[in-house]
Amino acid sequence: MKRLKYKYHVTARLQSKVLKLIKGNMDGTTREAMSQVQGIPLPERVVKYWARVEHFQASKEDLLIATYPKAGTTWTQEVVDTILNEGNVEKCRRAPTQVRMPFLEMTSADGLNAGITKLEVMDPPRVIKTHLPIQLVPCSFWEAGCKVIYMARNPKDTVVSYYHFDRMNLNQPEPGTWQQYLEKFMTGQLGWGSWYDHVKGYWRERQNKKILYTFFEDMKEDPVREVTHIAQFLGKQLSKSAIDRIVQMTAFSAMRENPMANYSTIPDTIFDRTASEFMRKGEVGDWKNHFNAEEDATFEEHYCKLMADCPIPIRFTI
Ligand code: PPS
32 MKRLKYKYHV TARLQSKVLK LIKGNMDGTT REAMSQVQGI PLPERVVKYW ARVEHFQASK
92 EDLLIATYPK AGTTWTQEVV DTILNEGNVE KCRRAPTQVR MPFLEMTSAD GLNAGITKLE
152 VMDPPRVIKT HLPIQLVPCS FWEAGCKVIY MARNPKDTVV SYYHFDRMNL NQPEPGTWQQ
212 YLEKFMTGQL GWGSWYDHVK GYWRERQNKK ILYTFFEDMK EDPVREVTHI AQFLGKQLSK
272 SAIDRIVQMT AFSAMRENPM ANYSTIPDTI FDRTASEFMR KGEVGDWKNH FNAEEDATFE
332 EHYCKLMADC PIPIRFTI
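Sequential numbering of the sequence shown, starting at 32, is according to the working numbering.
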């Protein structure tokens with residue numbers, strides 16, 4: 032059994048390397064550079080097909096789940112789908128996350144397998160994922176008066192999670208060293224731009240638009256309270272036992288084992304699981320294992336400066 036597993040691993044890695052050489056960059060990787068839309072760094076493929084995103088027609092029953100990358104998007108998606116399906120396990124396992132709730136702006140390099148393409152063949156109400164900062168969200172969402180659930184996560188855990196994700200996601204630019212990566216995060220050079228502008232953008236509009244602003248740390252601290260809150264926002268009356276079931280189904284340990292919620296359907300040629308896992312730790316405070324004292328002090332000073340004009344109750348520990 033052990034030998035078989037090993038053999039599978041070696042074959043998969045070899046296959047991944049060959050594929051990279053055939054399809055990839057000159058250096059043998061498929062890692063892609065960033066381009067920009069209105070000054071926001073986005074993967075080249077997203078920019079190439081941007082017009083389709085910009086002109087996407089949302090319907091008023093659609094729900095948008097918006098986050099900065101690694102803020103707990105998949106968790107929120109699973110919570111929402113489980114609420115809408117009242118904790119029915121079979122219904123929630125009907126397809127992988129990215130098929131049940133397409134990623135609005137994401138596309139394959141050839142433009143064929145795009146979030147938009149999946150959305151076009153789905154009937155509203157659709158649950159749609161985006162990492163776009165608020166100013167890039169297609170106008171049709173606001174014109175139609177769609178509900179939006181925004182989840183924010185403290186930036187230290189976000190950048191740690193993003194760093195490990197970029198190590199394993201072979202479509203993302205090479206992360207470089209942790210120190211270089213942290214610098215890029217603080218200066219808004221990573222994909223989807225500045226974390227600071229992202230969280231502030233949705234915060235400032237939360238009362239003008241139908242935005243439920245949630246926090247990863249709150250969800251971790253009291254999932255029953257937060258799931259109840261989200262259910263109310265979605266207009267779903269659920270029993271206490273249904274809420275408890277939803278909390279169980281969407282716990283980190285349950286989602287990590289759920290092939291329809293843990294991105295295990297993404298091939299090894301894209302997600303190099305020898306580098307890191309998608310469902311990595313799911314904790315608050317893992318940043319303490321990554322930031323040294325000097326990095327923390329510099330980060331804190333920079334954070335206070337950038338967030339002074341918009342005090343959002345972000346917590347770094349619970
Ligand atoms: S992505 O690629 O931007 O859509 O990633 P995203 O889903 O936003 O974030 C991935 C991180 O969320 C963690 N995660 C969870 N934490 C707690 N509970 C649950 N159920 C859960 N599901 C996903 C996941 O482990 C990533 O965080 P890290 O810190 O890397 O573990």
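Cβ coordinates follow ideal geometry from the N, Cα and C atoms, glycine included.
Just so you know, these numbers come straight off a predicted model, no measurement behind them.
Task: R237 versus V111 - alpha carbon distance - done: Roughly 19 angstroms between the two C-alpha positions.
Open item on the list: Quick check: the Cα distance between F302 and M199, rounded to an integer number of angstroms?
Closed with: Rounded to whole angstroms, F302 and M199 show a C-alpha spacing of 5 angstroms.
Task: Proximity to T107 [Cα-Cα], best of M182, R125, T61 - done: It is M182.
Open item on the list: Is E314 close to the ligand PPS? I mean its beta-carbon at under 7 angstroms from any heavy atom of the ligand.
Closed with: Correct: E314 has its Cβ closer than 7 angstroms to the ligand PPS.
TODO: Decide yes or no for the touch test of the segment 193-211 against the segment 245-263: beta carbon pairs closer than 8 angstroms, at least 3 of them.
DONE: Not touching, per the Cβ criterion.
Open item on the list: So the candidates are N185, Q279, G103; which of them puts its Cα closest to the Cα of Y227?
Closed with: Of the candidates N185, Q279, G103, the one whose C-alpha sits nearest the C-alpha of Y227 is N185.
Task: Candidates F322, F172, K122, of which the one nearest I96 by Cα - done: Among F322, F172, K122, the Cα nearest to that of I96 is on F172.
- [ ] Compute every distance between the C-beta of F283 and the non-hydrogen atoms of the ligand PPS, then say whether any falls below 7 angstroms.
- [x] Indeed, a heavy atom of the ligand PPS lies less than 7 angstroms from the Cβ.
- [ ] Give me whichever residues DSSP pairs with I71 in a beta bridge.
- [x] DSSP lists V68 as partners of I71.
- [ ] Have a look at M286 and T259 and give me their C-alpha separation to the nearest angstrom.
- [x] Taking the straight line from one Cα to the other gives about 19 angstroms.
TODO: Check whether the Cβ atoms of G222 and P72 sit closer than 8 angstroms, and answer yes or no.
DONE: Against a cut-off of 8 angstroms, the Cβ pair of P72 and G222 comes out as a contact.
Task: Inter-residue spacing [alpha-carbon to alpha-carbon] between T122 and S284 - done: One point to set straight first is that residue 122 is Lys, not Thr, in the sequence displayed. Taking C-alpha positions only, K122 is separated from S284 by approximately 20 angstroms.
Task: Closer than 7 angstroms: G222 CB and nearest the ligand PPS heavy atom - done: Result no, Cβ not under 7 angstroms from the ligand PPS.
Open item on the list: Could you compute how far the alpha carbon of E288 sits from the alpha carbon of G232?
Closed with: Spanning the two alpha carbons is a distance of roughly 34 angstroms.
Open item on the list: Using 8 angstroms as the cut-off, can you tell me whether the segment 132-145 makes contact with the segment 154-174, which would need three or more C-beta pairs spanning the two stretches below that distance?
Closed with: The segment 154-174 and the segment 132-145 touch, with three or more beta-carbon pairs separated by less than 8 angstroms.
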